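One structure is given below, encoded as structure tokens.
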Amino acid sequence: VNDILARDATAIAGEVRRQRISATAVANIALDSAMAANGRLNCFSALFRDTAMAAAAEIDRKIDQGIDPGPLAGVPIAVKNLFDIAGVTTLAGSRILQDSPPAKRDATVLARLKAAGAVLVGATQMDEFAYGFTTQNAHYGDTHNPHDLTRSAGGSSGGSAAAVAGQIVPISLGSDTNGSIRVPAAFCGIFGLKPTLRRLSRGGTYPFVHELDHVGHFTRSVRDLALAYDLMQGADPADSFCLQRPVEPTRPSLERPVSGLRAGILDGWFRDTAQQDVLAAVDRVANALGTERTVTLTGVAEARAAAFCLTAASGAALHLDTLRTRPQDFDPATRDRFFAGALLPASVIDRVRRLRLSFRDQLRTVFENFDVLIAPATPSTAPRLDQTTLMLGDREVPLRPNVGIYTQPISFIGLPVVTVPVDAPGSLPIGIQIIAPAWREDIALRVAAQLERQGVVSLPAPKGADHDR
Amino acid sequence: VDEAYRDGVIANYERLLQQAALVMAVPLPETSPGPMEFEP
Chain A
975 VNDILARDAT
985 AIAGEVRRQR
995 ISATAVANIA
1005 LDSAMAANGR
1015 LNCFSALFRD
1025 TAMAAAAEID
1035 RKIDQGIDPG
1045 PLAGVPIAVK
1055 NLFDIAGVTT
1065 LAGSRILQDS
1075 PPAKRDATVL
1085 ARLKAAGAVL
1095 VGATQMDEFA
1105 YGFTTQNAHY
1115 GDTHNPHDLT
1125 RSAGGSSGGS
1135 AAAVAGQIVP
1145 ISLGSDTNGS
1155 IRVPAAFCGI
1165 FGLKPTLRRL
1175 SRGGTYPFVH
1185 ELDHVGHFTR
1195 SVRDLALAYD
1205 LMQGADPADS
1215 FCLQRPVEPT
1225 RPSLERPVSG
1235 LRAGILDGWF
1245 RDTAQQDVLA
1255 AVDRVANALG
1265 TERTVTLTGV
1275 AEARAAAFCL
1285 TAASGAALHL
1295 DTLRTRPQDF
1305 DPATRDRFFA
1315 GALLPASVID
1325 RVRRLRLSFR
1335 DQLRTVFENF
1345 DVLIAPATPS
1355 TAPRLDQTTL
1365 MLGDREVPLR
1375 PNVGIYTQPI
1385 SFIGLPVVTV
1395 PVDAPGSLPI
1405 GIQIIAPAWR
1415 EDIALRVAAQ
1425 LERQGVVSLP
1435 APKGADHDR
Chain B
35 VDEAYRDGVI
45 ANYERLLQQA
55 ALVMAVPLPE
65 TSPGPMEFEP
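Protein chains in written order, with the working numbering: chain A, 975 to 1443; chain B, 35 to 74.
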């Protein structure tokens, strides 16, 4: 029973459905683990013992009565605290929203996971308003990496990633505007999925950049990544940005190898500045996929710059009123970037949108000859929490604006990405992006599953989250 | 902008303008802006 949280969601649900352990017992263990680990990791901003235990008891009641409790029966989950939770104030990592009324209903994707039997145990820490890559928050403190407590868990969904890597929950939800799922997945050594832009509903989530926001999730196995993704898919009247596409299940085909797989290695921008251990991890994945073919994109620096500008300007526009009236209540790092974004001329944003179309079209052409592209998620392993600069090749640059240089160009055009963990002995975790054409999450997931079966990607054991279980 | 925030804002604005300069230097056809409701 004590090892139950080391298992993935599929296995936990199986045990609960067979009544080898009750959902109530699992929820209790998860909540105790969360309380014990949170002093070290600071990954949870709130725990919901009463509602979690009640939900778990309801799962057990259904099973007793022969009612199907769903494929996530009794699986404890957590959500980044920008997802609405009925009865709870949505903070989005801020102090400014502390006095807002509680949410009336759950965010759409959370409601869908709960309907499948998942039990919400907590909300997780994040960078203020999702503007950051390190989950260092002036109001709520730093979130620590379970593999090395002196290091960042990545951001902005760092609390969600640490909760999964720390074996507290097997599934957590996050959001990704410029890399906020892929960066923490990489630093924490777990799987992350950022689906195609406009695939999953953002209904009931606090926005950051309307044109770039994605929701997605973290897991410790590829089968869990596919399972939760399949459960969250589908159009939503509460979110007109989410396109009316049919649900396209990925789980049934997950074990089927991609025949004649055409994988390309992104070079140039995506290799020139990465550290050696990161490049070695890319090469391991490339070897496993049997490819040496490289792909050189043009205009990547400009695409990344465009995402950077759009983020600053659009994020600032969203918060303009409170920037004027309550600047002292922002995290200083966020506030200064928003003020700068508010000063950006509209002509730049006009150009950003046109550049976005041309970069998207370039990738569409590339994908006529490739099924997936691979690239590092980050230039380095997790930085120390007191680190302020980063080496990009031989250049020393400010850390926080540059952690996402390999993720920003990809989310800028909304392509689906699975981040997979490569466990390098003696090294901190390294994450690799498996990038697929738009709407082909199924291919990225099948490639990730293939790498998992080959043993090329696997989860390193966390060292910093020892808790009494 | 409050004087107390001036240095931080200027540092960020300078960084932002470097990125904006990259964007503005890209030669693109003179067409209308891309749609707000971008499709991947």
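Beta carbons are placed, not taken as given, at the ideal position from N, Cα and C, and that holds for glycine. Keep in mind it's a predicted model, so treat the numbers as computed, not measured.
One finds V35, Y39, G42, V43, N46 and Y47 in chain B with Cβ atoms closer than 9 Å to the Cβ of F1313(A), taken in chain order. If you check the CB distance, D1204(A) and A983(A) do not come in under 8 Å. Looking at L1425(A), L1174(A) and S996(A), the one whose alpha-carbon comes closest to that of R1230(A) is L1425(A). In its chain, beyond the 5 residues on either side, F1282 have a beta carbon closer than 8 Å to the beta carbon of P1375(A). Collapsing the DSSP output to three states places F1022(A) in coil. Annotation for D1006(A): the continuous alpha helix (DSSP H) segment containing it runs A997 to L1015. Counting only runs of 4 or more residues that sit fully inside the stretch 1110-1184 of chain A, the alpha helix (DSSP H) segments are 1132-1139 and 1156-1162, in chain order.
As summarised for the stretch 1320-1390 of chain A, the continuous alpha helix (DSSP H) elements at least 4 residues long and confined to that stretch are 1320-1340 and 1382-1386, given in chain order.
Taking 7 Å as the cut-off between beta carbons, the residues of the stretch 1262-1289 of chain A near chain B are G1273, A1275, E1276, A1279, A1280, F1282, C1283 and A1286, in sequence order. For the C-beta of P74(B), the chain A residues within less than 8 Å are, from N- to C-terminus, T1170, L1171, R1172, R1334, I1387, G1388, L1389, A1412 and W1413. By the rule that beta-carbons nearer than 8 Å mark a contact, E1222(A) does not touch chain B. Classified as exposed, S1233(A) has fewer than 16 neighbouring CB atoms from the shown chains inside 10 Å of its CB. K1088(A) is bridged by DSSP to nothing; it lacks a bridge partner.
Following the DSSP letters along the chain, one finds T1308(A) inside the alpha helix (DSSP H) bounded by residues P1306 to A1316. The Cβ atoms of A1139(A) and T1393(A) lie no closer than 8 Å to each other. Residues of the stretch 1322-1352 of chain A with a C-beta less than 8 Å from any C-beta of chain B: V1322, D1324, R1325, V1326, R1327, R1328, L1329, R1330, L1331, S1332 and R1334, listed in chain order. At a cut-off of 8 Å between beta carbons, P1375(A) contacts chain B.
Counting along the chain, the unbroken alpha helix (DSSP H) around A1202(A) starts and ends at V1196 to M1206. Taking C-beta atoms as the reference points, R1086(A) and A1060(A) fail to come closer than 8 Å. Counted as a single uninterrupted DSSP element, the stretch harbouring F1107(A) is not any beta strand (DSSP E), since DSSP gives it neither H nor E. Shortest Cα-Cα distance from E1185(A) to any of V1259(A), G1388(A), D1058(A) and I1404(A) involves G1388(A).
DSSP places A1081(A) outside any beta strand (DSSP E), giving it a letter other than H or E. For F1282(A), the enclosing alpha helix (DSSP H) covers residues V1274 to L1292. Rounded to the nearest angstrom, the gap between the Cα atoms of L1347(A) and P1395(A) is 16 Å. In this structure R1267(A) is not in contact with D1345(A), their Cβ atoms being roughly 11 Å apart against a cut-off of 8 Å. With fewer than 16 other Cβ atoms from the protein chains shown falling within 10 Å of its own Cβ, E73(B) counts as exposed. The C-beta of R1309(A) comes closer than 8 Å to at least one C-beta of chain B. One finds Y47, L50, L51 and A54 in chain B with Cβ atoms closer than 9 Å to the Cβ of L1318(A), taken in chain order. Measuring C-alpha to C-alpha distances from L1271(A) to each of G1238(A), P1301(A) and T1285(A) identifies G1238(A) as the nearest.
Interface annotation, P1306(A): in contact with chain B, CB-CB separation under 8 Å.
In terms of beta-carbon proximity, P1403(A) stays away from the interface with chain B, with every pair separated by 8 Å or more. Contact between I1409(A) and A1349(A) holds, with the beta-carbon distance rounding to 7 Å and staying under 8 Å. The C-beta of P1226(A) comes no closer than 8 Å to any C-beta of chain B. The continuous beta strand (DSSP E) containing I1239(A) extends over residues A1237 to L1240.
If you compare the alpha carbons of S1154(A), F1333(A) and P1120(A) with that of L1402(A), the shortest gap goes to P1120(A). The Cβ atoms of S1131(A) and Y1105(A) lie no closer than 8 Å to each other.
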